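The structure appears right after this line, and notes come after that.
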Amino acid sequence: MPQTTLDDWAKDTVNPEVRAHVSSLISALGGIGDDGTYSLGHDALLCLKDLRKWLKFADQQNNRRDVARCMAEANLVKGDLLEILAKISPTAMDSAWKHKIAVATLELLVPLTWPFEIDPTEATVNHHRHGPYIQLAQIGYKRAILQFDRDRILQTTVKIALPSMAVPLRERLPRDEGIIRIALYFIRNIAMLSPPNSAPMDIDEAEVSRSATIDTFQEQDIFQVLLSIASSIGEDFVSQDVIVLEILFFLLKGIDAEKLFMEDKKLNTKNADELKSLIQKEKAMLAGYARNAPTRHNRFGTMIWVKRDDEKVTTISGQDVLGKAQASMQKMDATKKWNKPRRPGRKQDGSEEREEFDLPVSLSTSARKHIKAFVEEFLDSSFNPLFLHLRKAIERETERVETRHSRQFFYLVSWFLKAECARRRTMKERAADPKSPEVLSAEDESYGLVAEVMNQETFILLNRFMQTSQDEKAWRDLNAGLKCFTQILLTVHEMSESALEDDQEIAENIQNRIFYEESTHDRIVMILRSYKDQGFGYLDAVTELSHVFLRMLERYAKQNVDMQIRSKRRARNIKKKKADKQGEEGEEEGHVSETEDIQQAQKTVSERKFDFTRFSAKFVNQSSVDTFVAFTKYFNDLNTEQLKRAHRFFHRVAFKMELGVLLCRVDILQLFNKMMKGPGGLDPESPVYREWDDFVRHFFRQVVKRVQERPELVVEMLFSKIPATIFFLEHGYDREVTVKAPRAPAELEVKPGMELPEQIGVAVSVLVNQSKSDGIRWVREVLTSAAEERKAWEEAEEAQKILTADVQPADGDAAAENTEAEPTKPPSILIKHDTEERRIAMFKDNKLRLLMTLVGFERLGEHHDPDATWIVPSSLTSAQLQEAIDLIRKFEFDPPTYEDGKAPEDMLRSKTTAARRSTRRAEFDDDSDGIDHQSEEDHGEYAQGGATTREADGPRKKLKRRRRERTPHELDDDEKERRAEARRKKELEKQAAALSTMYVHDSDDEDWDAEKDAAFFAREEALRQENLKAYKNSHIIGTVEPVASKKRKADAPAKKTKRRKAPFDDSDQEMEDAESSRAQSETAGDILDDDENEETTDTPLSSQHAGAAAVSEAGTPRKPLENASKTSDVAMTNADTDDDEDDMPVARRPAARNMRAGFVIDSDSE
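Mind the numbering: the sequence shown is residues 1 to 1166 in full-length UniProt numbering, read in order.
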């Protein structure tokens, strides 16, 4: 290494020529005059433009920072530029020349105050050499601008841009747009600049803090300018929306929105509680130290030996280890060092530090008051227009929108929603206070002020942003999206508790839309599981979202029992499962292509009932537990709400889901023990200490019980748990995994009407269309090999026959026997697959199987056996095999074409489908009468021996049957009438042979059965005796109830006429004895009672025969009446009573008969 001298160390870091040119331009710009005020040079405007050119071309285009450093060393901003603005500020609008100088000054101030960033891809030595100096210089610029005493610089900046803002949007020139943009960028730079963490400052941070910036903005009316521009976005301003967004972001990030809207008294109380908590933590820390603090009695050193279990001795020094064995072990653990190899994390650059929004920012009282007033006015007037315009710009991905703007947009959405909720709670508390005169109005209750970020478009944009951030691992972007989604859920929850019904309905609709998509559920679960060292802010956002989402979903699922969710993925799974389940019935036509399946899966949306228990189980796994364990390790820094959040999750895992095995890990148990027992544990005065203490106590009892039941758990405590381990520890045995047997696809066939060569052409064309030419090649190779082998066998067999014929003796009988002997069959040829994929295709690919079947291959084995064997049967000759090879070659390179533009896939169909259709055609013939005469099904009371049919009340409408299109020829009217008449006669003959044979028979009938007749009259005699007994019993008790007589009703006193019952009314409750008797006998006649003779005459009549069988007292049949007319129906009438009953009044004939299926049903009550 060459020696260096003092001159080498004193070498200037900036090019001397650059420094000379810049210094001369700054000197010519102007200076302090004799009167003590700043005086501009003669060419001040040109000097300003030249300085801007040097800054632009030398620094930006040449990628150097020499000019910026020279300007900082020359004190250009504070010594010249601010002085120029202060000098021309009062008269800047009066002179065009002064206005040009002010604009030129502003154009130079903006790049000088632009936050310094180092691009890792384009960084040079000058960036790292000048970076810290320029960053400190920019903080000095900010301090000078905020604390400048001779003029309000920011207000002057707005004054310069006011003429351009006053021009209507359509009349505004590009120069006007540029002036407005420069003024807003200057304000943005002042809000954006913050003290760097990498370089120490020699100025007071309070002078450039957030509070100082807010106070200056309020003093110089910058907040009013921002409100005016934001409320006019879309009307008077378009491209300025992202600049306003950045100003708001750097003003509000890190500020606690809830504290901002607290009442002063409540805020003071909270600050006092925080101070008390910090003092308590300090006190606990000092108390722990005081237990082992050195005193004047233990000034001397101490060294002890600790004997361990393996008879080894460890030396520990210090008197603080003399008390207990546990203290000795802790001291020994504290002295252990393990240099864990860690990959150096990526260092955050300046832009990432500025974009950090998880660091809290404290405000002064005045700054808090000013920013609170600004936020209230912004929510009332400017929130909806600005964020609506920004959302549309982000959706359209306009050029002015950059990557960081989406992150800032969603963070500000969450911040303003949180602020609005806090403001509403404060307003409700004031209205609830009886001493306060404030009353809530309907406008105060409405959530219309934030409506533009609570619509479906924002939810769609948010979901897409979160998914993209997760896929690209942009954790800071995802952090902003998580915060926004969480705050939307909390806002919806407060809307559901609003006093306005419209807000409640809107909240219900929003919850329905959010919880309806299963993709949202899965995204929350995956984000919770995928945490890994993304920082505490991201960890807090992840755990908060999962906690809020799970609790709100649980509440919503309880309120909506029949909740439905939509899942596209499940639709595809269902379709696949159905295809596997149905097997050969899964493909109706067998030619649905893969592309069509994908399109159908994309279009199909499946709805299913939501099961909260099943969904909550997704949260309970080892990855989710690890995320909350990492969160709980910060227990000393967590507030009450965060500790409750972790407690609820662990309680759900251990007791609600009964999966405490997941928490049985050494590091988790040690964390719980440390939180309760110390050292450095949870503060016993904490509001959540009792809840955590109860949980840890019950959980440790559960762990002890589990260890007693499953001693293997002691070993598993060292590891994370997989599902198989969890099942074993819960049940004591391994889960039985059932492997489903593979199912063969649907067998295909070519539609009928084609010869075998054409069918082979269809199969080959289908395989070619599906890019399965490799399968065709393999089939052709198998056929070629089989043809050669079969040809060789045939030639050998022919030679054997010739040789046998030459050797055979010339015997006639032997020659005849050889001639009659059967020819020898060639052996079958086993088909072997060449690859594993081919073996699977031989079972799964039904198109390949169709081709193999068509060329003559045979499959041996069960239909669903994946290892079934394919052979070339003995029946195939070498000529047939060669013919199949030629056909395959022909159609492979010259596929056939079909009429009507049909594809070869349209010529295929499923074998099972075709078989079902042919079976249905065989079972039902179109030309039949539609009646199955061989059927033995139960026809109820219309079966043989049942009731006969009643004659129709009128002519029945003739039913016309529609003929199907496959009827071979059209029948004429005569043929149709002839067939109908034949069917009618056949049916009448069948009914005539079946009905009424068990009741009435013609004496001339040669099929007369004496045994059936005797049984029939025996039943009738038993019925008569039963009726007679009932009649006598009625006389004994003094009340006469007619059993079945219509005559006796005439003797009874006249009663109030009852309504006539319907002919088929079965609900008569008063037909007790007589009804039961008729049910037992099942006869078709009336039962007439004779009061004087106490006799009963039963007269069944039949319509199938002309006569009627009369029954005497002895029970012998009389000869049927020969002159009775034959009819197809039965009309039952009452038999005439005896002529000697002169003293009995004549019974009045009822106005109408109750009839059922042709029988008269008389009621005793009528």
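Quick reminder that beta carbons are idealized off the backbone N, C-alpha and C, glycines included.
In this text, all values refer to a predicted model and were calculated from it rather than measured experimentally.
Backbone CA spacing between residue i and residue j [nearest angstrom]
i            : j    : result
V707         : F635 : 28 Å
D865         : V855 : 22 Å
Q280         : G254 : 26 Å
residue 1167 : Q155 : Absent from the model: residue 1167. The displayed extent of the chain is 1 to 1166, so no value can be given.
M454         : Y411 : 15 Å
S773         : L830 : 22 Å
K428         : S381 : 21 Å
T121         : L528 : 33 Å
A507         : G481 : 20 Å
Q408         : H389 : 14 Å
K677         : V696 : 11 Å
R400         : L682 : 50 Å
S406         : V110 : 24 Å
N384         : S231 : 8 Å
A571         : R710 : Reliability of the predicted coordinates at A571 is poor, the pLDDT of 44 falling under 50, and the value obtained from them is presented with this limitation in mind. Approximately 41 Å, taken between the alpha carbons.
Q702         : D522 : 31 Å
M852         : I776 : 10 Å
E397         : R404 : 12 Å
Reduced DSSP category for residue i - H, G, I as helix; E, B as strand; rest coil
i    : result
V318 : Correcting the residue type first, residue 318 is Gly in the shown sequence and not Val. Three-state DSSP puts G318 in coil, outside helix and strand.
L359 : coil
T869 : strand
M329 : helix
S228 : helix
R859 : strand
R65  : coil
L659 : coil
Q147 : helix
S606 : strand
R400 : coil
P16  : helix
P968 : At P968 the pLDDT is 46, less than 50, meaning the model places this residue with poor confidence; the figure from the coordinates comes in the next sentence. Residue state, collapsed to three classes: coil.
R476 : helix
L803 : helix
I760 : helix
I139 : helix
I255 : coil
Enclosing beta strand (DSSP E) for residue i [first to last residue]
i    : result
V750 : 748-750
Y38  : 38-40
L908 : 908-910
V306 : 303-307
Q220 : That residue, Q220, is in no beta strand (DSSP E); it is neither H nor E in DSSP.
R566 : 564-567
I32  : 30-32
Residues bridged to residue i [DSSP beta-bridge criterion]
i    : result
Y898 : Per DSSP, none; premise fails for Y898.
I233 : F237
R152 : Looking at the DSSP assignment, R152 forms no beta bridge with any residue, so it has no partner.
V313 : K307
V394 : A small fix is needed here, since residue 394 is Ile in this sequence, not Val. Looking at the DSSP assignment, I394 forms no beta bridge with any residue, so it has no partner.
L669 : Looking at the DSSP assignment, L669 forms no beta bridge with any residue, so it has no partner.
L830 : I871
Endpoints, alpha helix (DSSP H) assigned at residue i
i    : result
V413 : 403-432
R889 : 878-893
CB contact check: residue i to chain D, cutoff 9 Å
i    : result
E355 : Judged by its chain identifiers, the structure shown contains no chain D, having just a single protein chain.
Any 3 or more C-beta pairs closer than 8 Å across the segment 869-884 and the segment 781-788: yes
Does the segment 17-25 come close enough to the segment 68-83 to have 3 or more Cβ pairs within less than 8 Å? yes
Give a yes or no on contact between the segment 630-645 and the segment 550-567, applying the rule of three or more CB pairs nearer than 8 Å. no
Is there contact here, the segment 203-219 with the segment 356-375, by at least three beta-carbon pairs under 8 Å? yes
Touching or not, the segment 759-767 and the segment 833-844, by the rule of three or more beta carbon pairs under 8 Å? no
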